[in-house]
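Please read the structure below before turning to the comments.
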Amino acid sequence: MNKERLFAEIERWYGNEKCAVGPSEDLSKFEHAESKGGKDCPLGCGPPPVTGFTFKGLDWAQRQCNKRAWKEIMEASRGAVTNDPFAEDAVKENFQFLDLYFSISVTASMNKTRLHGWTGFSDTLEAAFEPVKEIFGMGLLPPVVADAARPLV
């Protein structure tokens, strides 16, 4: 699952009707990062994987409009959301890892096969939805407005 699909679903959980859009089809707008290949990669052989991206989580998190929006969420929660991941001393450690996480190669999904009975199944988005609701109880996120996650199949 790519980050565009994940973020569109998370936006839906919070009632954002705009939803995230996919990346540009113009390849010149992509930045590329190359991982190690050959004997230096985990398999010990093969070409280095190259990841293309048009969005960096840390760049997004450092925008003032997003910091202000989170402050508004914290204020509107009347004390239910107490953590500020956009604080200057924490923003890098909170958002820099997103780019690495989403640079991992995407493989074909087996969700449909598993849903129909192959060795058990837990949908990725449904499994992510439950902790998001629980994290609200810890004061780290605002409450979701969606009743449930939209399964990947």
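In this text, residue positions in the sequence shown follow the numbering used here: the first is 21, and each later residue adds one. Don't be surprised by glycine CBs; every beta carbon is placed ideally from N, CA and C. Given the structure is predicted, the values throughout are model-derived calculations rather than measurements.
Around the C-beta of residue i, are 16 or more other C-beta atoms found within 10 angstroms, so that it is buried, or is it exposed?
i, result
"W33", "buried"
"V165", "exposed"
"K23", "buried"
"E12", "An answer regarding residue 12 cannot be provided, because it is not within the stretch 21 to 173 covered by the chain."
"A147", "exposed"
"L145", "buried"
"E29", "buried"
"A169", "buried"
"A107", "exposed"
"A89", "exposed"
"A110", "exposed"
By the DSSP assignment, the beta strand (DSSP E) with residue i in it spans what residues?
i, result
"G72", "V70 to F73"
"E51", "E51 to E54"
Contact defined as beta carbons within less than 8 angstroms: I believe residue i pairs with residue j. What is the distance between those atoms, to the nearest angstrom?
i, j, result
"N114", "V173", "Not really, about 31 angstroms apart at Cβ, beyond 8 angstroms."
"P171", "S97", "Actually they are not in contact, since the Cβ atoms of P171 and S97 sit about 28 angstroms apart, beyond 8 angstroms."
"L63", "V101", "About 43 angstroms separates the two Cβ atoms, so there is no contact after all."
Considering just the uninterrupted stretch of the alpha helix (DSSP H) at residue i, what are its terminal residues?
i, result
"A96", "Q84 to A96"
"A169", "That residue, A169, is in no alpha helix (DSSP H); it is neither H nor E in DSSP."
"D109", "Per DSSP, D109 belongs to no alpha helix (DSSP H) and is neither H nor E."
"Q79", "Note that residue 79 corresponds to Asp in the displayed sequence, not to Gln. Here the alpha helix (DSSP H) through D79 covers G77 to A81."
"A28", "K23 to W33"
* To do: Could you say if the region 70-79 and the region 49-56 meet the contact criterion of at least three C-beta pairs nearer than 8 angstroms?
  => yes
Quiz item: Pairing CB atoms from the region 111-125 with CB atoms from the region 146-160, are three or more of them under 8 angstroms?
Solution: no
Within the region 119-159, note down every full alpha helix (DSSP H) run reaching 4 residues or more, in order along the chain.
131-135 and 144-157
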